Amino acid sequence: SLAWTESDEGTLTELARVVLYAGILLLAWTAVDGRTWRSAAAGIAAGAFLVTALAAASRLAPGVFPQDEVSVALNSDRLNYPFDYWNAVGAWSVMSVAMAVAWSAHARRLATRGAFLAVVPLCALAAYLTYSRAAAFGVAAAVVLVVALGRNRLVTVAHAAAGAVASAIVIEVARSNPEIARGTGGAGAAEVVLALALGAALCVGAVALTWVARGDERWRLSRRAAIGAGAAGAAVVILIAGTLAADRIGDAWEEFRTETPAETVGSNPDPGTRLTTLGSNRSETWSSAIDAFESDPVKGTGAGTFELWWSREGGFPFYRDAHSLYL
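Note that my numbering numbers the sequence shown so that position 298 is 300, with each residue one more than the last.
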């Protein structure tokens with residue numbers, strides 16, 4: 003689209019992004035093989051957990067880290083360190099949860115399995131403190147995919163359940179300490195750290211139980227049984243959505259279509275309530291992206307030019323993209 007784009011700079015930036023992603027794929031393709039992929043995957047997971055731990059630590063010990071300029075500028079209570087963007091931290095935490103649960107059910111050694119599941123409460127805490135609804139949905143989707151694509155499905159379900167209980171305990175403790183929940187200080191950090199330790203111990207205990215029970219060998223689901231269980235589960239969800247939850251889904255759709263201002267520390271004493279609503283300005287932004295497409299369905303306005311379209315159409319506040327890769 004450099005031949006017709008409204009912004010050579012914007013399009014070149016997008017080109018550089020695609021080339022970068024392709025380079026990462028090429029690096030993995032050429033450097034990882036059947037003998038080294040497990041080590042590479044474990045290394046990626048370990049790096050992911052380290053970044054997630056830094057994110058959570060920045061909320062528990064704010065004095066150790068640089069001043070959060072993003073939170074100050076936007077008067078926001080959402081965890082955004084170290085990416086300066088809460089949805090990025092949320093997405094990173096979701097990927098970390100997926101890797102941790104998968105490794106906990108498939109690693110060859112008991113200690114490795116326990117160590118991986120033990121970090122799930124920490125990753126869940128980081129995801130929660132971003133108050134990102136995409137992260138909340140993402141954790142659920144990640145667990146479903148790990149169960150569906152894994153080999154030891156019932157062991158994975160058991161580990162995911164233990165991780166969910168431990169994570170719920172940690173999150174509840176964080177919620178009960180306003181300075182941690184709202185990012186205004188470190189009071190209550192010791193309680194959260196203790197909850198994290200207890201949650202990790204619970205997860206390690208669950209791994210030990212499935213290991214002693216020889217779940218890998220005894221708890222087996224054939225591919226046909228797994229597909230059948232998945233289909234039955236999907237049918238139940240659809241049935242509930244179409245009957246019992248129909249009114250709630252309709253209300254949620256109306257919430258989504260109603261533009262609401264972003265919550266701030268001052269206006270929202272419990273930032274976690276953001277996860278219970280769908281109100282935002284996504285509807286307006288996405289509608290604008292569709293309008294941009296309809297203005298030239300074949301060529302488009304050029305890669306990386308949504309910010310120009312949005313500004314020209316009177317959109318507010320400033321957006322570089324439509325907050326949806328696909329749109």
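Even for Gly, the Cβ is constructed at its ideal location relative to N, Cα and C. In this text, all values refer to a predicted model and were calculated from it rather than measured experimentally.
Asked, Found
"Segment contact, 8 Å Cβ cut-off, at least three pairs: the stretch 88 to 103 with the stretch 51 to 58", "yes"
"Chain-order list of residues whose beta-carbon lies under 6 Å from that of residue 175 (same chain, five-residue window excluded)", "193, 194 and 197"
"Enclosing alpha helix (DSSP H) for residue 29 [first to last residue]", "10 to 33"
"DSSP-derived helix/strand/coil call for residue 321", "coil"
"Same chain, Cβ closer than 6 Å to residue 4, five either side skipped, listed in chain order", "13"
"Sequence-distant residues of the same chain with beta carbon closer than 8 Å to residue 59, five excluded per side", "66 and 67"
"Proximal residues to residue 162 (C-beta, below 6 Å), its chain only, five neighbours per side dropped", "103 and 145"
"Cβ neighbour criterion (16 or more within 10 Å) applied to residue 268", "Confidence is the limiting factor: at residue 268 the pLDDT is only 44, short of 50, which leaves the residue's position unreliable, though a coordinate-based value still follows. By the neighbour-count rule (16 or more Cβ atoms within 10 Å), residue 268 is not buried but exposed."
"Three-state secondary structure assigned by DSSP to residue 282", "coil"
"Backbone secondary structure at residue 4 - three-state DSSP", "coil"
"Cβ pair residue 8, residue 327 closer than 7 Å", "no"
"Contact check, residue 319 vs residue 79, beta carbons under 7 Å", "no"
"Residue 180, enclosing alpha helix (DSSP H) - first and last residue", "180 to 184"
"Coarse secondary structure for residue 329, derived from DSSP in three states", "coil"
"For residue 61, three-class secondary structure by DSSP", "helix"
"Three or more C-beta pairs below 8 Å linking the stretch 67 to 77 and the stretch 198 to 216", "no"
"Integer Cβ distance of residue 294 from residue 303, believed to fall under 8 Å", "6 Å"
"Supposed close pair residue 63, residue 191 - CB separation, criterion 8 Å", "6 Å"
"Where residue 212 falls, given that 16 or more other Cβ within 10 Å makes a residue buried", "buried"
"Proximity winner among 215, 61, 50 and 37, relative to residue 118 (alpha-carbon distances)", "50"
"Supposed close pair residue 15, residue 317 - CB separation, criterion 8 Å", "Not confirmed; about 20 Å, so no contact."
"Endpoints, alpha helix (DSSP H) assigned at residue 140", "135 to 151"
"Nearest-angstrom Cα separation, counted from residue 116 out to residue 288", "42 Å"
"Expected contact under 8 Å - CB spacing of residue 140 and residue 93 to nearest Å", "7 Å"
"Contact between the stretch 148 to 168 and the stretch 181 to 188 (3+ Cβ pairs under 8 Å)", "no"
"Member of 301, 284, 19 and 299 whose CA lies at the smallest distance from the CA of residue 312", "284"
"Cβ separation of residue 127 and residue 173, assumed to be a contact under 8 Å, to the nearest whole Å", "6 Å"
"Supposed close pair residue 105, residue 156 - CB separation, criterion 8 Å", "In fact, because the Cβ distance is near 16 Å, the residues do not count as touching under 8 Å."
"Cα-Cα separation, residue 286 to residue 277", "20 Å"
"Alpha carbon of residue 17 to alpha carbon of residue 177, nearest angstrom", "42 Å"
"Pairwise C-alpha distance: residue 219 and residue 121", "25 Å"
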